[in-house]
Structure formats: C-alpha cells, structure tokens
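Peer 1: Provided herewith is a single structure, encoded as structure tokens, for subsequent inquiry.
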Amino acid sequence: MSRQISCPNCGGDHTLANPGISMVVCTYCNTTVYWGDDQVLQTGEKSILPESDARLYLHATGKLGGEGYEVVGHVRYDHGRGNWDEWYLQLNNGSVAWISEDERKLTMETAAQADEPIPQLSQLAVGTVIPIGQIPYSVRELARAKCVGSEGQLPFPIQPNEEYAFADLASADGQNFATLEYDEAEKPTVFLGHPLDHQTLTVDEEKPPATAAPKAGKHIKCGNCNGPLEVVGGRDVQTQVCEYCGAQLNLTSAEATVMGVNPEDFDPQFTFEIGQGGTFERRPYEVCGRMFYQDAEGYLTREYLLYNADAGYLWLAEENNHFTLSRPTQEAPSRDPFPLAAKSVVKAGSDRFRKYESGVVHLVYVDGALPWIAKVNDTFRYTDLVAPPKIFGMETDGQEVEYFRGHYMSPSDVWEAFGLEDKAPRAHGVHPAQPFVRGNISRLLIWIGLLFGILNLGLLLWSLGQTGDPIFQETYTSDVYLKESMSKPFKVGEGKVLTLKLWAALNNSWMAADLVMVNANDEVVMEMDGEFSYYHGYSGGESWSEGSYSTTRHFLAPAAGTYHMLFKANSGSGSRKGPPRGEKLKITISQGAVLSRYFAMAFLLTIAFPFFAMLRQYLFEKRRWAPVMEDDDDDDDSSFDWD
Amino acid sequence: MKWIGLAVGLSLISGSTAGAYLASTRGMGLGGPTEEKISIRQGSNRGRRHGGGFYFLYFSGRRRHYGGGLHGGK
Chain R
296 MSRQISCPNC
306 GGDHTLANPG
316 ISMVVCTYCN
326 TTVYWGDDQV
336 LQTGEKSILP
346 ESDARLYLHA
356 TGKLGGEGYE
366 VVGHVRYDHG
376 RGNWDEWYLQ
386 LNNGSVAWIS
396 EDERKLTMET
406 AAQADEPIPQ
416 LSQLAVGTVI
426 PIGQIPYSVR
436 ELARAKCVGS
446 EGQLPFPIQP
456 NEEYAFADLA
466 SADGQNFATL
476 EYDEAEKPTV
486 FLGHPLDHQT
496 LTVDEEKPPA
506 TAAPKAGKHI
516 KCGNCNGPLE
526 VVGGRDVQTQ
536 VCEYCGAQLN
546 LTSAEATVMG
556 VNPEDFDPQF
566 TFEIGQGGTF
576 ERRPYEVCGR
586 MFYQDAEGYL
596 TREYLLYNAD
606 AGYLWLAEEN
616 NHFTLSRPTQ
626 EAPSRDPFPL
636 AAKSVVKAGS
646 DRFRKYESGV
656 VHLVYVDGAL
666 PWIAKVNDTF
676 RYTDLVAPPK
686 IFGMETDGQE
696 VEYFRGHYMS
706 PSDVWEAFGL
716 EDKAPRAHGV
726 HPAQPFVRGN
736 ISRLLIWIGL
746 LFGILNLGLL
756 LWSLGQTGDP
766 IFQETYTSDV
776 YLKESMSKPF
786 KVGEGKVLTL
796 KLWAALNNSW
806 MAADLVMVNA
816 NDEVVMEMDG
826 EFSYYHGYSG
836 GESWSEGSYS
846 TTRHFLAPAA
856 GTYHMLFKAN
866 SGSGSRKGPP
876 RGEKLKITIS
886 QGAVLSRYFA
896 MAFLLTIAFP
906 FFAMLRQYLF
916 EKRRWAPVME
926 DDDDDDDSSF
936 DWD
Chain U
2 MKWIGLAVGL
12 SLISGSTAGA
22 YLASTRGMGL
32 GGPTEEKISI
42 RQGSNRGRRH
52 GGGFYFLYFS
62 GRRRHYGGGL
72 HGGK
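As you go down the protein sequences, you meet chains R and U in turn.
According to this note's numbering, the stretch in the first sequence is residues 296 to 938, in order.
According to this note's numbering, the stretch in the second sequence is residues 2 to 75, in order.
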C-alpha cells in the first residue's frame, strides 16, 4: 500500500512513489520536505526550477527499454559552465533508474561497486585513465556540481545550493560512462552507465505546453547597459549576449549577471547573421550564436552555433572562407594528441586521423544566445586531427575535455545550405580538412593514361627484342674493305625496317664505313654509313674506356629484291690520317626490326596526364601541411601550463 | 566542356599509342631509298691491272662522308 505524507508547511498531501523516497518537493508550496536523522519530517528551502529545454519532465511516462516508467523526481545541477538534469524514474516492474540529460543527450547510470581502487579527487586530471571493471575510462570533466533545485520525489534529501565534486569519465569509444562523486564519504561513489538514444527511452507525450519552455522568452534588462532584452525561448540558454552593449549575461541563476563585455569598436565581420536559417544534414538550422577566436599566432576563426530543435547544435567554423561543420562526440582519440608532432597518426573510432596542429585560442567576441557559459577572453587548448574531408577536434580548458567530429564544407556548399543566391566567395589557401577534389573525368583519364602508359612501356620492352631477321652477314679483312668492294648478293624481303650493324674488335682505334645497296641494274638504291670507335686505358689508378665495338643504323628498306652491297671502310688510331689498323669488319643487315623510339615517346605522352595530376595533388598536400611543418619545431604546446 | 576534355584526352592517349605502333613497325622517319638512281658504273674504271674487270670509284668519286646521322639505338 502506497505511503502518504502531508507537507508540514502547507498541508498538501503527497503519495510516495516507492518506499525508498527520502525527500519530496511539495507540489503546492515548492518547499523541500525530507526526513531528518530522527525520522521526523523536516522542511527545507523552497525549490523553484526555471523551465528548461529538457525532453523529460516530471510525471512524464513512456518506456525505457520496453519497460513502462514514470518520472517521479528531478534534480538540476550547475557544473560551472552550464546545467544538466537528473531524472528519477519509477519503473512498472518496481525498480528505479536515473537518467541524466544534458543538451538533450541522455545517459543512464547506476551505482556500482568498483573492484579497483578509485583515486582521490586530487589525484585526477583531465585525461587521467582509470580502469573500472576492465574498461579503461578517461577523465573528461572535473568540476563541482551545485544543486540548482529539484522537484517531485527523490531517494535522498538535497537542498538547493548543495555542492559536491565529481569527475565524469568515458571509455574511448564513448559507449561507456562513469561518474565519480566525491562527497563527504571517505570513498567516492561510482556510477556506471551508457548513452541512451531517444528510441530506447520513449516519452508517451511530448512535454505539454504548460511545462515546455515558452517559445517567446521572458524579458530581462541587461545588467551592463540596462537595455531591454528578450531571453531566447524554446531552448536551454545559459549565455545571452546583449545586442546593445555586447555584455555576456549569465542566465543560469535567478538573476542575469554580467560576465564580460565585447570589445568596443570591434567588427568581427561575421558572414552570417543571428537568426539566419539554413539546411544542414537535411534539417533546418538557425544561427543562434557567433564566436570570434584568435590564437597565439594571430590566426582568426569565426564560428557559428547552429540550432535545430530535434537534432541539437552544430558548429560551423569559418577560416579564410573555408568551412567545417562539426558536432560533439563522446568518441575519444586513441592517444593524447597534444604532445604529438604534426602528421602523427591518431585513431578515433574507425577513422585514422593525422594530427594537424595544437594551440591555444581565446574568445575575442561573442554574440547571440549559447547553451553554455561563454565570455570574452575564455581560453582553451585545442588540437585538430584531419583525415580530409573529416576533422576531429579536441578542446579543453583544463577542467573539461570535449571532442568534436566534423567535415569540410566548401564556400559554395555553405552558400547553398543557407540558400544564398549570390556567388560564394573564393577560399584562400588550403584548409587542413579540405579534400583534394578530383572530378570523375579527370580520374578516368588518369586510369586510362596509366593503363596506356603500361601498354606503351610493354610495347617499348617488346620492341627492344624485335631486332629483325638477318638477311646479310659477312666479315671482311682490311685488304677488302680498304678499297671499294662489292659483296655477294642478298635478298631483301617485305619488312619495312632495315638494320645495319657494323662490328670490329677495335683496340684504341676507330672505323668508318660507307655502304650502298645496289640493285640488279647496278644502280644505287640506298646509301648508308657508319662510324664507331673504342678507346681504353689506365690512368690515375683507374681503368677507363669509351666508345663501342659496333654501331647500328636503321633505314627504310627498298623494294623486295636481290641486292649487292658496295662498301668501303677505313680505320685508324688517334687520327683519321693515321695508318689503318687492319681489324676485321663484320657487316650485318637485318630486316623487320621494330623501332623503340616512338613507344618511348608515346609512353611519356600517355603518362603525362597522370603525372601532372599526381604532381598537382602532391603540391596541394604540400600546401596543406606547410604551415604546421614549418613551425612544428618551435610550437611546443605540451609545455602549456594551466595552473 | 568536361566531355570535350575527355574526348581530347582519350584521342591523345589512344592516338599516340596506335601512332607509335604504326610508326615503329613501318620505320617512320628513317632514311630510305634514294630518289635518283645512280649507276655505280659511272665514274668507275675498267681495270687494266685487274684482269680487265671493274674497280669501283663510287665513293672515291662521288661520296665521302664519315660520321653524322643517328647512331646507336632504335
């Protein structure tokens, strides 16, 4: 039988959802009602929660993994850079569950007993890896949680402004979460969980209008210039920038406080306006915030926060008219990329990235309305990993690390997404994540060029072996070739190419010959000649040689028939006027050779396009990496000290 | 435009390969038979000391050119 209590403050009746309830926020007077150590009902502070953009709400019903549930309790915490919600669910099977909701991302965690020793808070830093239940978790966030308020029924008493330290951890693939809560207990409380998608946790009825955040927001006055402002409704806004004076207003507390003011007379020259709509990833988005960052080397980046009610936020970064579109991810890189050199390989998920650069940036200017606490001069370290067109970003302020996955967008892509009709600007230089774009035609020509290049190379090698068939071969002594002599007859066939080869065992001498082919009518039909020399010696402790024992010439064959060869040759040493040396001269004529020179020319021509296409890609990659390869030596980011 | 580029590229690639084959097997660019048919008997003498046969003076009388031209490979 369900237990009932009456609020000690106003007398309102409440039926407890389960026997484990230790605190109730009175629905009628908002007073926190809890059982004290003496088991007597006590009244605490009033707990009034501002509306938020959370998907769940008190008394929402639906199914969690197929099991029916009702939300019976709700606590909101502030972690210094924003809020998150904890929902206490009573399941139909009698069990309970806790669901965390942060910017509509859901996580289910349950208390667990860790077998491994859990370090104390002072031993932790962002990035510290702790094995729990054989899964290595890395610390993603270290902060203090402050209770903003609560509603409904909870299994423990908690008052507004109560605080505790915590560490949020996640496995490398982002599929396992852990939270370590450091309260007054000696040992931290360990919670283990995993992300939930909105299909696993369904809600029977979306948030009713009375509970939903109003689309038209409430009106406030800027704490800096007193200008009237309307807080953006319909989503969770923690920073709103005054449109009159540029003050960054913190909306997480009951009263908007000024955190910082944009520099005067500074024009960040944003390309897109607050409220400008576009279509990204097939959903309508709206620019809801703009940020202007500058790094230590003076590089400037403009970033636009895009919002869609169903899909959440996207980050559109602009640099030299190049764009990247990113969203947060729980996936972590395979190793800490900050101390690595440029081009080092880092895996994230199934992708293999290369480190591009690390650095420190600070926020110079911000406007719009953001779901986190942001103010000018906010500073953080970043590392960009690229696998064009993909980009993986890592940002940390020392207390929290966040990962972003994105991809490159060309100016024309972005212009099309925003539905802009004017011509997109030309991007300058090569962006780290910019893919080298090659058209289908170009790719086809490269492959065909390579294919024909291989074919021509094969034909070139084949032609080198096609020396033809000998149709004449004789060796003559000097007493024959020194005077004009006629050879025996030989037959020329149908082959087009004649090859004349002259050979002599030269020894520091030269030989030159004139030859003519003579037909049956004693008419000269072809004139040929050849000269060659071979010298060798020993000087300076080394032997040397130059020239050749032979020479080869090609000619177009005369008509088929029987021919003689009339020839005369001379030889000598050192000077042509020297005495003949008397080496034997071997004359060979072959027919049917295949020339190689044209295949060599065709080879060069066919691989020209692939060669220049690859050269273009090589130069593109060189331009991509040039900025970080040049200053890699003096850019020691690992020495950055957060303390 | 890109289709024109593809057509030009394909024509160049396939044309150069086919042209190279024809030029290589047909000896394109090689020196060939002389246009003017010259008898080797012109300028040559009947020998008096060689049994009455010819001894040739073709190169001695008409041609004398050593060297020059393309040497070596194909």
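Using N, Cα and C, we set each Cβ at its ideal position, and we do this for glycine too.
If you're wondering where the values come from, they're calculated on a predicted model, not measured in any experiment.
Between G555 (chain R) and chain U, is any beta-carbon pair separated by less than 8 Å?
Peer 2: Numbered from its first residue, the first sequence carries residue 555 (chain R) at position 260. Output row for G555 (chain R): interface = no.
Peer 1: Buried or exposed: S885 (chain R), going by 16 or more other Cβ atoms within 10 Å of its Cβ?
Peer 2: As a position in the first sequence, residue 885 (chain R) is number 590, starting the count at 1. Burial is judged here by how many other beta carbons sit within 10 angstroms of a residue's own beta carbon; S885 (chain R) has at least 16 and is buried.
Peer 1: Can you find a CB in chain U that lies within less than 8 Å of the CB of E822 (chain R)?
Peer 2: If you number the first sequence from 1, residue 822 (chain R) lands on position 527. Closer than 8 Å: yes.
Peer 1: Apply the 10 Å Cβ neighbour rule to I5 (chain U) and answer buried if 16 or more other Cβ atoms are within range, or exposed otherwise.
Peer 2: Residue mapping note: residue 5 (chain U) aligns to position 4 of the second sequence, counting from 1. With fewer than 16 Cβ atoms within 10 Å of its Cβ, I5 (chain U) is classed as exposed.
Peer 1: Based on Cα-Cα distance, which residue from R:I902, R:L351, R:C537 and R:G584 lies nearest to M554 (chain R)?
Peer 2: Looking up residue 554 (chain R) in the first sequence gives position 259. Ranked by Cα distance from M554 (chain R), the options R:I902, R:L351, R:C537 and R:G584 are led by R:C537.
Peer 1: Comparing C-alpha positions only, which one of R:R371, R:D380 and R:S804 sits nearest to S868 (chain R)?
Peer 2: Position 573 of the first sequence, counted from the first residue, corresponds to residue 868 (chain R). Among R:R371, R:D380 and R:S804, the Cα nearest to that of S868 (chain R) is on R:S804.
Peer 1: Output yes or no for whether 8 Å exceeds the beta carbon distance between R649 (chain R) and S639 (chain R).
Peer 2: As a first step, residue 649 (chain R) must be located in the first sequence, where it is residue number 354. As a first step, residue 639 (chain R) must be located in the first sequence, where it is residue number 344. For R649 (chain R) and S639 (chain R), yes; Cβs fall inside 8 Å.
Peer 1: Quick one, which of R:Y771, R:H726 and R:A637 has its alpha-carbon nearest E652 (chain R)'s?
Peer 2: The residue labelled residue 652 (chain R) in the question sits at position 357 within the first sequence. Here the closest residue by C-alpha is R:A637.
Peer 1: Taking DSSP as the reference, what is the three-state secondary structure of E916 (chain R)?
Peer 2: Numbered from its first residue, the first sequence carries residue 916 (chain R) at position 621. Here E916 (chain R) sits in helix by DSSP.
Peer 1: Please report the residue range of the beta strand (DSSP E) in which N603 (chain R) lies.
Peer 2: Mapped onto the first sequence, residue 603 (chain R) falls at position 308. Per DSSP, N603 (chain R) belongs to the beta strand (DSSP E) from L595 to N603.
Peer 1: With 16 other CB atoms within 10 Å as the buried threshold, where does I14 (chain U) fall?
Peer 2: As a working note, residue 14 (chain U) is residue 13 in the second sequence. By the 16-neighbour rule on beta-carbons within 10 angstroms, I14 (chain U) is buried.
Peer 1: Please report the distance separating the alpha-carbon of H657 (chain R) from that of A473 (chain R).
Peer 2: Here the question's residue 657 (chain R) lines up with position 362 in the first sequence. Here the question's residue 473 (chain R) lines up with position 178 in the first sequence. Computed Cα separation, rounded: 30 Å.
Peer 1: Which residues in chain R sit within 7 Å of S17 (chain U), going by Cβ to Cβ distance?
Peer 2: Counting from 1 along the second sequence, the entry for residue 17 (chain U) is found at position 16. Within chain R, the residues near S17 (chain U) are A897, L900 and T901.
Peer 1: Would S990 (chain R) count as contacting chain U if we go by Cβ distances under 8 Å?
Peer 2: Residue 990 (chain R) cannot be examined here, being either before or after the span of chain R that is shown, 296 to 938.
Peer 1: S40 (chain U) touches chain R at which residues, Cβ-Cβ below 8 Å?
Peer 2: In the second sequence, the residue the question calls residue 40 (chain U) occupies position 39. What S40 (chain U) touches in chain R: N816, D817, E818 and V819.
Peer 1: Can you name the start and end residues of the alpha helix (DSSP H) that P412 (chain R) belongs to?
Peer 2: Mapped onto the first sequence, residue 412 (chain R) falls at position 117. Where P412 (chain R) is concerned, there is no enclosing alpha helix (DSSP H), given that its DSSP letter is neither H nor E.
Peer 1: Skipping 5 residues on each side, what residues in its chain have a beta carbon closer than 6 Å to that of F567 (chain R)?
Peer 2: As a first step, residue 567 (chain R) must be located in the first sequence, where it is residue number 272. Answer for F567 (chain R): V582 and Y599, listed in chain order.
Peer 1: Just confirm the distance between the C-beta atoms of N519 (chain R) and Y660 (chain R), as a whole number of angstroms; I'd bet it's less than 8 Å.
Peer 2: By one-based count along the first sequence, residue 519 (chain R) stands at place 224. By one-based count along the first sequence, residue 660 (chain R) stands at place 365. Actually they are not in contact, since the Cβ atoms of N519 (chain R) and Y660 (chain R) sit about 15 Å apart, beyond 8 Å.
Peer 1: Which residues of the segment 743-777 of chain R have a Cβ closer than 8 Å to any Cβ of chain U? Give them in chain order.
Peer 2: I743, G744, F747, L750, N751, L754, S758 and L759
Peer 1: State yes or no: is the beta carbon of P853 (chain R) nearer than 8 Å to at least one beta carbon in chain U?
Peer 2: Numbered from its first residue, the first sequence carries residue 853 (chain R) at position 558. Interface residue, yes.
Peer 1: How would you write the range of the beta strand (DSSP E) that I884 (chain R) sits in, first residue to last?
Peer 2: Translated into the one-based positions of the first sequence, residue 884 (chain R) becomes position 589. If you look at I884 (chain R), you'll find it in the beta strand (DSSP E) that goes L880 to Q886.
Peer 1: Just list the beta strand (DSSP E) runs in the segment 684-712 of chain R, keeping only unbroken ones of 3 residues or longer that don't cross its boundaries, in chain order.
Peer 2: 685-691 and 696-704
Peer 1: What is the rounded straight-line gap between the Cα of E690 (chain R) and the Cα of R738 (chain R)?
Peer 2: Start at 1 with the first residue of the first sequence, and residue 690 (chain R) comes out as number 395. Start at 1 with the first residue of the first sequence, and residue 738 (chain R) comes out as number 443. CA-to-CA, the gap between E690 (chain R) and R738 (chain R) works out to about 37 Å.
Peer 1: Use the C-beta contact count for K863 (chain R): other C-beta atoms within 10 angstroms, 16 or more gives buried, fewer gives exposed.
Peer 2: As a first step, residue 863 (chain R) must be located in the first sequence, where it is residue number 568. Counting of Cβ neighbours within 10 angstroms places K863 (chain R) among the buried residues, the total reaching 16 or more.
Peer 1: What are the boundary residues of the beta strand (DSSP E) that includes T857 (chain R)?
Peer 2: Position 562 of the first sequence, counted from the start, is the residue given in the question as residue 857 (chain R). T857 (chain R) -> beta strand (DSSP E) spans G856 to G867.
Peer 1: By the three-class DSSP mapping on this structure, what secondary structure does P922 (chain R) have?
Peer 2: Along the first sequence, one-based indexing puts residue 922 (chain R) at 627. Three-state result, P922 (chain R): helix.
Peer 1: Nearest to Y580 (chain R) by alpha carbon, out of R:E559, R:A591, R:D590 and R:A606?
Peer 2: Residue 580 (chain R) sits at position 285 when you count from the first residue of the first sequence. When each option's Cα is compared against that of Y580 (chain R), the closest is R:A606.
Peer 1: Is F451 (chain R) helix, strand or coil when you go by DSSP?
Peer 2: In the first sequence, residue 451 (chain R) corresponds to position 156, counting from 1. Three-state result, F451 (chain R): coil.
Peer 1: Looking at the secondary structure, which residues open and close the beta strand (DSSP E) in which D388 (chain R) lies?
Peer 2: Taking the first sequence and counting its residues from 1, the one referred to as residue 388 (chain R) is at position 93. Residue 388 (chain R) is actually Asn in this sequence, not Asp. From DSSP, N388 (chain R) is part of no beta strand (DSSP E); its letter is neither H nor E.
Peer 1: Closest Cβ-Cβ distance between S12 (chain U) and chain R: below 8 Å?
Peer 2: Within the second sequence, the letter at position 11 stands for residue 12 (chain U). Chain R, which has no Cβ nearer than 8 Å to the Cβ of S12 (chain U), makes this no.
Peer 1: From E36 (chain U) to F60 (chain U), what does the alpha carbon distance come to, in whole angstroms?
Peer 2: Start at 1 with the first residue of the second sequence, and residue 36 (chain U) comes out as number 35. Start at 1 with the first residue of the second sequence, and residue 60 (chain U) comes out as number 59. Cα to Cα, E36 (chain U) sits roughly 18 Å from F60 (chain U).
Peer 1: Using a cut-off of 7 Å between C-beta atoms, extract the partners of I736 (chain R) located in chain U.
Peer 2: Taking the first sequence and counting its residues from 1, one reaches residue 736 (chain R) at position 441. Under the 7 Å cutoff, chain U gives K3, G6 and L7.
Peer 1: Give me the DSSP bridge partner(s) of D679 (chain R).
Peer 2: Reading the first sequence from its first residue, position 384 is the one you call residue 679 (chain R). Residue pairing by DSSP places D679 (chain R) opposite R:E652 and R:G688 in a beta bridge.
Peer 1: Step through the CB atoms of chain U and report whether any lies within less than 8 Å of the CB of L740 (chain R).
Peer 2: Along the first sequence, read from residue 1 onward, the residue named residue 740 (chain R) stands at position 445. Yes - at least one Cβ of chain U is within 8 Å of the one on L740 (chain R).
Peer 1: So who's on the other strand from T846 (chain R), going by DSSP bridges?
Peer 2: Here residue 846 (chain R) corresponds to residue number 551 of the first sequence, with the count starting at 1. Secondary-structure assignment with DSSP links T846 (chain R) through a beta bridge to R:L797.
Peer 1: According to DSSP, is G607 (chain R) helix, strand or coil?
Peer 2: Position 312 of the first sequence holds residue 607 (chain R). DSSP places G607 (chain R) in strand when its eight states are reduced to three.
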